[in-house]
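Structure first, then comments.
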Amino acid sequence: MFRCNYRYIDMEQMRMTRMEKHVFICKDDIENMLTAVFDAFSYRNKMNTDDIGIIVSDDGIIEREMFCDYENVETDINKALSTVDNIRNRLGEYVYDQSIKILCHYDTERVYTLFKFLEICFKKGGNAIYKLKNPYIMRAMELARKTQNETHLYLGVTRFQETYGILCATIEPKCNAIPIITGHFADRYPGENWIIYDKTRNVMAVHRALGSVELIKGSPEFLIDSKGFEVGHHDEYVDLWQVFFESIAIDERYNPKCQNNLLPLWMRKHMTEFTDKRVQQ
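Our numbering puts the first residue of the sequence shown at 1035, with every later residue one more than the last.
Structure below.
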């Protein structure tokens, strides 16, 4: 006769005999993510363990695993500034610049990638950034490069329209472009009042003439109507630019495949020269 021997497992005993992985849950916010990096290093030094994870989730909804202890990260400006100071003072401005680009990517594990990247750089120095044979270094540089490539394109394709005396632009980037591109436009239009609205993240950069740039959560109501398209006073320069764009075109050199490689369709949605076409992704 076949017998089944049932073994009852004490889950509490299993939890105690196996070290729990501590996972930090942070939001898609630069200061919150820098706070998470600070907390991760503090936890590692305190508990003497590398069993750490960091996940980005604005709503806190993630796939939870067994034997994991989860902690929501609360933004702490002092911790964020301490992380920034450590990177700049110990590793230099270039590593800091790459670190911000890593955080501006959309990968859900980008903060953990930055944590491991900084862990290696703090041990071996800033030159460790060039040791691409290390998988964490290579992944970190890949995220930074993708962010750099996308934000560089937005320096050229961001289109402003005058609305109620303010220069307004709407973008829908995959990466968090605003923290990187606002410095360029602040230098280019220092005497203008302008707004760049990131529709993907519902964040806008507001620049006052001869002043600084401020990041504000939310959308400028006068930019958006019920359909989600820009509204406001008609800007005559929009028509002039569209006429210029069409008039300089050379029909014999028309090459849509090459154009799509240089300027993806999903980037054209808010460009003045493609506004009437409403190009969708």
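Using N, Cα and C, we set each Cβ at its ideal position, and we do this for glycine too. Bear in mind the structure is a predicted one, so any value in this text is a computation, not a measurement.
Could you tell me if residue i is buried or exposed, where buried requires 16 or more neighbouring beta carbons within 10 angstroms of its beta carbon?
i: Trp1175; result: Looking at the sequence shown, residue 1175 is not Trp but Met. Buried: at least 16 other Cβ atoms inside 10 Å.
i: Lys1165; result: exposed
i: Tyr1170; result: buried
i: Ala1239; result: buried
i: Val1145; result: buried
i: Glu1286; result: exposed
i: Val1129; result: buried
i: His1304; result: buried
i: Leu1274; result: exposed
i: Arg1222; result: exposed
i: Ser1076; result: exposed
i: Leu1177; result: buried
i: Lys1261; result: Its pLDDT being 37, under 50, Lys1261 is placed unreliably in this model, and the value from its coordinates should be taken loosely. Exposed is the call here.
i: Ser1246; result: exposed
i: Val1057; result: buried
i: Pro1213; result: buried
i: Lys1150; result: buried
i: Leu1296; result: exposed
i: Phe1263; result: In this predicted model, Phe1263 has a pLDDT of only 42, less than 50, meaning its place in the structure is not dependable; the value taken from the coordinates is given anyway. Under this definition Phe1263 is an exposed residue.
i: Lys1113; result: buried
Could you name the residues of the same chain whose beta carbon sits closer than 8 Å to that of residue i, not counting the 5 residues immediately before and after it, in chain order?
i: Lys1055; result: Asp1085, Ile1086, Gly1087, Glu1099, Phe1101, Cys1102 and Asp1103
i: Lys1180; result: His1139 and Cys1209
i: Tyr1159; result: The sequence given here has Gly at residue 1159, not Tyr. These residues qualify, in order along the chain: Leu1125.
i: Thr1142; result: Ile1089, Val1090 and Ser1091
Rounded to whole angstroms, what is the Cα-Cα separation between residue i and residue j?
i: Gly1199; j: Val1272; result: 15 Å
i: Asn1106; j: Asn1294; result: 41 Å
i: Cys1292; j: Ala1070; result: 42 Å
i: Lys1157; j: Ile1215; result: 31 Å
i: Tyr1231; j: Ile1205; result: 6 Å
i: Phe1319; j: Thr1185; result: This structure cannot settle anything about residue 1319, because the visible part of the chain is limited to 1035 through 1315.
i: Pro1298; j: Asp1119; result: 37 Å
i: Ile1111; j: Phe1308; result: 41 Å
i: Glu1108; j: Ile1284; result: 55 Å
i: Leu1115; j: Thr1192; result: 30 Å
i: Arg1302; j: Asn1082; result: 49 Å
i: Glu1127; j: Ile1121; result: 8 Å
i: His1241; j: Phe1278; result: 28 Å
i: Val1265; j: Gly1217; result: With a pLDDT of 48 at Val1265, under the threshold of 50, the modelled position of that residue is not reliable, and the figure given next carries that caveat. Straight-line Cα distance between these residues: approximately 26 Å.
i: Cys1155; j: Asp1073; result: 18 Å
i: Glu1065; j: Lys1233; result: 20 Å
i: Asn1123; j: Pro1207; result: 31 Å
i: His1195; j: Lys1080; result: Note that residue 1195 is Gln in the sequence shown, not His. In a straight line, the C-alpha of Gln1195 is about 53 Å away from that of Lys1080.
i: Thr1117; j: Asp1131; result: 13 Å
For the candidate residues the options, whose alpha-carbon lies nearest to that of residue i?
i: Trp1300; options: Tyr1188, Phe1194 and Ile1212; result: Tyr1188
i: Cys1202; options: Asp1221, His1218 and Trp1228; result: Trp1228
i: Leu1068; options: Met1081, Leu1152 and Leu1125; result: Leu1152
i: Thr1306; options: Leu1296, Glu1280, Tyr1288 and Ile1284; result: Glu1280
i: Cys1209; options: His1139, Asn1161 and Leu1274; result: His1139
i: Asp1092; options: Met1081, Asp1062 and Lys1080; result: Asp1062
i: Asn1236; options: Pro1254, Val1247 and Gln1276; result: Pro1254
i: Ile1136; options: Ile1282, Gly1252, Gln1276 and Ala1211; result: Ala1211
i: Ile1059; options: Ile1089, Asp1073 and Asp1141; result: Ile1089
i: Gln1182; options: Ala1162, Asn1161, Lys1167 and Ser1133; result: Ser1133
DSSP on residue i, reduced to helix/strand/coil?
i: Gly1245; result: coil
i: Asp1103; result: strand
i: Leu1201; result: strand
i: Met1238; result: strand
i: Lys1061; result: coil
i: Lys1055; result: strand
Excluding the five sequence neighbours on either side, which residues of its own chain have a C-beta within less than 7 Å of the C-beta of residue i, listed in chain order?
i: Gly1225; result: Ala1243 and Leu1244
i: Arg1078; result: Asp1084 and Ile1086
i: Lys1251; result: Asn1236 and Val1237
Below 6 Å CB to CB, which residues in the same chain sit around residue i once its five sequence neighbours on both sides are set aside?
i: Arg1173; result: Thr1147
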